[in-house]
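Positions in the sequence shown are counted from 1; adding 43 to them yields our numbering. Backbone N, C-alpha and C fix where the C-beta goes; we use that ideal spot for every residue, glycine too. A short worksheet on the structure shown next.
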Amino acid sequence: MNRVTSDNIKCKSNCYITKLNVIENLLDENVERLNSSEAQSIDEHEGKTVHKKEDQGDQMPSEESTNYWSNCDTSIWMRSCEHEVIVPISGEVIGTVPKWLCGILLRNGPGSLKVGEYRFDHLFDSSALLHKFQIKNGCITYQRRFVETNVYKRNQAAQRIVFTEFGTKAVPDPCQSIFQRVAAVFNLSESLSDNAMISVYPYGDEYYTFAESPIMHRVDPNTLETLDRVNISDYVGIINHTSHPLVMTDGTVYNLGMSITTRGPAYNVVCFLPSRLTIDDSGEEKELSMFDQATIVATVPSRWILNPSYMHTFGITENYFIIIEQPLAVALISMVACQIKNEPMCTCLKWHENENTLIHVISRENGRVERTFVAEAFFFLHIINQFETRDREYIVLDVCCYRDAKMLDCMYVDVMQNMHKNPDYSKLFRGRPLRFVLPMKRPSAEIPTEHNLITVKTVNQSLELFEDPIVQDDCKRNDADDKRSEYSSVLEKKASAHRLPDGSIFVRPELLCDLGCETPRLNSDFYLGREYRYFYAISSDVDLENPGTIIKVDTIKKTRKTWAEKGVYPSEPIFVPDPNGKNEDDGVVLSALVWGEGRETEVGLLILDAVTFEEIARATFVTPGPVPKCLHGWFTLQK
44 MNRVTSDNIK
54 CKSNCYITKL
64 NVIENLLDEN
74 VERLNSSEAQ
84 SIDEHEGKTV
94 HKKEDQGDQM
104 PSEESTNYWS
114 NCDTSIWMRS
124 CEHEVIVPIS
134 GEVIGTVPKW
144 LCGILLRNGP
154 GSLKVGEYRF
164 DHLFDSSALL
174 HKFQIKNGCI
184 TYQRRFVETN
194 VYKRNQAAQR
204 IVFTEFGTKA
214 VPDPCQSIFQ
224 RVAAVFNLSE
234 SLSDNAMISV
244 YPYGDEYYTF
254 AESPIMHRVD
264 PNTLETLDRV
274 NISDYVGIIN
284 HTSHPLVMTD
294 GTVYNLGMSI
304 TTRGPAYNVV
314 CFLPSRLTID
324 DSGEEKELSM
334 FDQATIVATV
344 PSRWILNPSY
354 MHTFGITENY
364 FIIIEQPLAV
374 ALISMVACQI
384 KNEPMCTCLK
394 WHENENTLIH
404 VISRENGRVE
414 RTFVAEAFFF
424 LHIINQFETR
434 DREYIVLDVC
444 CYRDAKMLDC
454 MYVDVMQNMH
464 KNPDYSKLFR
474 GRPLRFVLPM
484 KRPSAEIPTE
494 HNLITVKTVN
504 QSLELFEDPI
514 VQDDCKRNDA
524 DDKRSEYSSV
534 LEKKASAHRL
544 PDGSIFVRPE
554 LLCDLGCETP
564 RLNSDFYLGR
574 EYRYFYAISS
584 DVDLENPGTI
594 IKVDTIKKTR
604 KTWAEKGVYP
614 SEPIFVPDPN
624 GKNEDDGVVL
634 SALVWGEGRE
644 TEVGLLILDA
654 VTFEEIARAT
664 FVTPGPVPKC
674 LHGWFTLQK
């Protein structure tokens, strides 16, 4: 679709857009060029519950049919750690580790799908397992240890699944009555799982593991021992938060949580200031922790009173917070019923097919919503980055987008086990990095709806206002330019924005890369919330020749570089800047490695030169038992 007019826009009180299919068409157009045989659109599933596996609409072929996606080994996600590695083990290092690269890489993710003779049904339910790579003087060591959450300890003691998780019912306690289950609804901190297997972040000099409950676990970065349990609800009035807080260079941390108010649910940005000393009323010196100083600095009411949107990440720029209110919502009434009926939490998630996505831009100065933009329905987990243009007229928002939330169903254990029989599995996981450009000037009512409000030549205005030595006309270009020029028409399309008849703005994205990108990272020390050029990700395309592919995307030239090795599955790539570097990509990229079938007990750490994207070193370890693939991590540089 090349033009947005009032003829194809339907406005109600909430002014939603019907069947523009902008994002779907953009993804489909890219897929057609990548693999014309897979360019069929995914079946719609209006109003259906996300967790139900039968809602996928996949037709299972007969046993004699093709073995689909044979290049992708999903067993890496279904492994269970049988032995912790508490005492560090040394790895075999090949190549040369940069002398300046000394520090700790912590990784968090699924650790075990087994509890006694029982098994979790969904990847997100797996017990949290921390991994640690210590880099010092060219040597690398490895450790791993379970996060000893309350649910982990109780599961191990009972040898059954005690708590209902995201996609798994608890094994019923024969001693618990229906009245006790009802009572548990009013004591969520004790009745909900505190499993924290998504990420790990620093709050000052302390490290905490995260999921999306308000409970965090402090871990010792040296021994990986679980030290403490912190419930954010004890400090500020939220009932959950995202697993991806934003850590600023001055030590301040922001996160996004939800509260229940008299007017319904609301999204709250919470600020955690660095710990400081103060004098109490008795004249004694007292330290205020980051949690003691937790403050809500911005609030946005949910558009639906009983169905707040699911939030996994949010954004920040110099002057704004950015909250994406997607059509995947949490049904609060169903949530209460789940507690009573012992149903998995995913049954509370509802995908609203015919509702639009809202992008809220909130002032960091006063906490008020400055603008709300309208986009077509899409599902997302991770925002890549966001920034204000130098002229302050636009905000650029880069997001890893999917057509809908069916990809959550792809992470059921039985679905992963049977993916090789499912010809549609790759389409369910089909996502792309998209760029939205948000015009901050309010358009005049006289401007026609077909007029594009984005009039700037490029959002990377540093290229126009300043000479950038890293941008050269003869910059090395990759296969996306030389061998796949037939895809350039998709990549050359630009984002647009149009005024709707009610005065709101519909934004249409552009494609940043022709590969699926997930768990994106960038040089966040210097470029979080600022104009940037590069991000790093792992591929989410299971139909690639090497599904375990690491990607470096140049958002200016829309080109990419990749690293892959047959049978090797890298984790989220973490950029570490060279302390003496001058350019944005001067540094290295770290990625934890696991191997496919036959090498289950091996784990590795890959070190890539971030500029050339070539391997400069790796360490491999043989461990006492299977190594599951991890999700997210954090690197701390040490002197």
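Residue i - partner residues in DSSP beta bridges
i           : result
residue 593 : 581, 606
residue 621 : Beta-bridge pairing links residue 621 to no other residue.
residue 342 : 311
residue 284 : 300
residue 634 : 649
residue 444 : 423, 475
DSSP-derived helix/strand/coil call for residue i
i           : result
residue 347 : coil
residue 276 : helix
residue 527 : Only weak support is given to the placement of residue 527: the predicted model assigns it a pLDDT of 42, under 50, and the question is left unresolved by the model.
residue 453 : helix
residue 302 : strand
residue 427 : strand
residue 112 : coil
residue 672 : coil
residue 119 : helix
residue 571 : coil
residue 534 : helix
residue 464 : helix
residue 140 : coil
residue 458 : helix
residue 436 : coil
residue 662 : strand
residue 561 : strand
residue 329 : strand
residue 256 : coil
residue 337 : coil
residue 656 : coil
residue 241 : coil
residue 613 : strand
Buried versus exposed call for residue i [16 or more other C-beta atoms within 10 Å across all chains shown]
i           : result
residue 182 : exposed
residue 469 : buried
residue 672 : buried
residue 665 : exposed
residue 655 : exposed
residue 604 : buried
residue 358 : buried
residue 627 : buried
residue 192 : buried
residue 569 : exposed
residue 567 : buried
residue 674 : buried
residue 154 : buried
Beta-carbon proximity of residue i to residue j, cut-off 8 Å
i           : j           : result
residue 430 : residue 564 : no
residue 710 : residue 344 : Nothing about residue 710 can be reported from this structure: the residues present for the chain run from 44 to 682 only.
residue 433 : residue 505 : yes
residue 337 : residue 239 : no
residue 683 : residue 464 : With the chain covering 44 to 682 only, the question about residue 683 has no answer from this structure.
residue 204 : residue 163 : yes
residue 392 : residue 353 : yes
residue 285 : residue 356 : yes
residue 701 : residue 283 : The requested residue 701 does not occur in the structure, where the chain is confined to residues 44 to 682.
residue 361 : residue 403 : no
residue 542 : residue 492 : yes
residue 310 : residue 258 : no
residue 644 : residue 135 : no
residue 714 : residue 616 : Because the chain is modelled from 44 through 682, residue 714 falls outside the range shown and cannot be assessed.
residue 416 : residue 444 : no
residue 341 : residue 405 : yes
residue 538 : residue 560 : no
residue 317 : residue 294 : yes
residue 210 : residue 455 : yes
residue 208 : residue 387 : yes
residue 621 : residue 143 : yes
residue 588 : residue 114 : yes
residue 459 : residue 121 : yes
beta-carbon residue i near the ligand GTP non-hydrogen atom, thresh 7 Å
i           : result
residue 197 : The ligand GTP is not part of this structure, which contains no ligands at all.
Short CB-CB distance (under 8 Å) between residue i and chain C
i           : result
residue 342 : Looking for chain C here will not work: only one protein chain is present.
Problem - Ranges of the beta strand (DSSP E) found wholly within the segment 369-424, counting only runs of at least 3 - result: Counting only unbroken stretches of 3 or more residues, the beta strand (DSSP E) elements lying wholly within the segment 369-424 are 371-373, 392-394, 400-406, 412-418, in sequence order.
Exercise for the section: List in chain order: all unbroken beta strand (DSSP E) runs of 3+ residues lying wholly within the segment 151-220. Expected result: DSSP runs (the beta strand (DSSP E)) wholly in the segment 151-220: 170-179, 182-189.
Exercise for the section: List in chain order: all unbroken beta strand (DSSP E) runs of 3+ residues lying wholly within the segment 468-506. Expected result: Restricting attention to beta strand (DSSP E) runs no shorter than 3 residues, the segment 468-506 encloses them at 474-482, ordered along the chain.
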